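J.:
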Amino acid sequence: MNTPNTKKIFEFIRFVNILKHRPREGWRRSGLKNTETISGHMYAMGMMTFLLGDNTPLDRLKCLQLAIVHDLAESIIGDITPHDNVPADKKKLMEDEAMQQITSTLEDDIGKTIYTLYKEYEAKETPEAKFVKDLDRFDLLFTATEYEQRDNIPGKLEEYFKTTADKIEHPLIKALLDYLLEQRQKSCL
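To convert, count from 1 in the sequence shown and add 1; that's the working numbering.
(1) Let me know if D80 comes out buried or exposed under the rule of 16 or more other beta-carbons within 10 Å of its beta-carbon.
(2) Determine, using beta carbons only, whether H71 and R30 come nearer to each other than 7 Å.
(3) Flag this pair as yes or no: are the beta carbons of L65 and T50 separated by less than 7 Å?
(4) The alpha helix (DSSP H) that contains D72, what's its start and end?
(5) Looking only at its own chain, which residues have a Cβ that is under 6 Å from the Cβ of A99, when we skip the five neighbours before and after it?
(6) So what's T1 in DSSP terms, helix, strand or just coil?
(7) So, helix, strand or coil for T114, using DSSP?
(8) Taking C-beta to C-beta, are D140 and M46 nearer than 7 Å?
(9) Would you please state the rounded distance, in angstroms, between the beta carbons of T165 and E37? I believe it to be under 8 Å.
(10) Please report the straight-line C-alpha distance between Q102 and Y122, rounded to a whole angstrom.
(11) Is L67 near L118, with beta carbons less than 7 Å apart?
(12) Find out if the Cβ-Cβ distance for the pair K9, T104 is shorter than 7 Å.
Set out below in structure tokens:
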């Protein structure tokens, strides 16, 4: 039985499904093959939110929600990287318009919730948004290390480390990064 919203919900699911097949562009530009998709990246980040223990002051559910919506706009605009030379304000506008289009397929309360989460992540002002941004950065570096090891290309993805590692601030993620860097150093010898 079709409800009045079935068609719109189906459209939302289609946007989500696109991300399961869309590769992250930076890896392709680095000449890598068989790399993660945007959806795989968002899933990994979502799973990493469970690293927050019960005693965390952060809202774990909100962190999970932020992680799984933060790149949703890429189902429409693609994965725009710094190498695309798209000005930051233009990229932000493109993402915002895409998120409005995506969330308009849902009932008002659901669409507004997703759009509000996206805006919170983009503003990076709440502790949860800052934590999830650090997860985003860490996942990039963890994945880069995996690709260097998998493809036997030690140090080839150093550019990602130079532009990202110092931006991580959350103590848990910093500790994970320190350990990752130690492991990467050992594998590059």
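Where a beta carbon is used, it is the ideal one built from N, C-alpha and C, also for glycine. These numbers were taken from a predicted model, which means no experiment stands behind them.
T.: Once the coordinates are examined:
(1) Position 79 of the sequence shown holds residue 80. Burial call: buried.
(2) Position 70 of the sequence shown, counted from the start, is the residue given in the question as residue 71. Position 29 of the sequence shown, counted from the start, is the residue given in the question as residue 30. 7 Å or more divides the Cβ of H71 from the Cβ of R30.
(3) Along the sequence shown, one-based indexing puts residue 65 at 64. Along the sequence shown, one-based indexing puts residue 50 at 49. Cβ atoms of L65 and T50: closer than 7 Å.
(4) For the purposes of this step, residue 72 is taken as residue 71 along the sequence shown, with counting starting at 1. Premise fails: D72 is in no alpha helix (DSSP H) and is neither H nor E.
(5) Looking up residue 99 in the sequence shown gives position 98. Hits under 6 Å: A74, I77, I78.
(6) For the chain, the structure presents residues 2 to 190; residue 1 sits outside this window and is missing.
(7) Taking the first residue of the sequence shown as position 1, residue 114 is located at position 113. In the structure shown, T114 sits in a helix (DSSP, three-state: H, G or I).
(8) Residue 140 sits at position 139 when you count from the first residue of the sequence shown. Residue 46 sits at position 45 when you count from the first residue of the sequence shown. Yes.
(9) Translated into positions along the sequence shown, residue 165 becomes position 164. Translated into positions along the sequence shown, residue 37 becomes position 36. At roughly 16 Å, the Cβ-Cβ gap does not stay under 8 Å, so T165 and E37 are not in contact.
(10) Within the sequence shown, numbered from 1, the residue matching residue 102 stands at position 101. Within the sequence shown, numbered from 1, the residue matching residue 122 stands at position 121. Near 18 Å, if we compare the C-alpha coordinates of Y122 and Q102.
(11) Stepping through the sequence shown from its first residue, residue 67 is reached at position 66. Stepping through the sequence shown from its first residue, residue 118 is reached at position 117. It is a contact, given that the beta carbons lie within the stated cut-off.
(12) Numbered from its first residue, the sequence shown carries residue 9 at position 8. Numbered from its first residue, the sequence shown carries residue 104 at position 103. It is not a contact, given that the beta carbons lie outside the stated cut-off.
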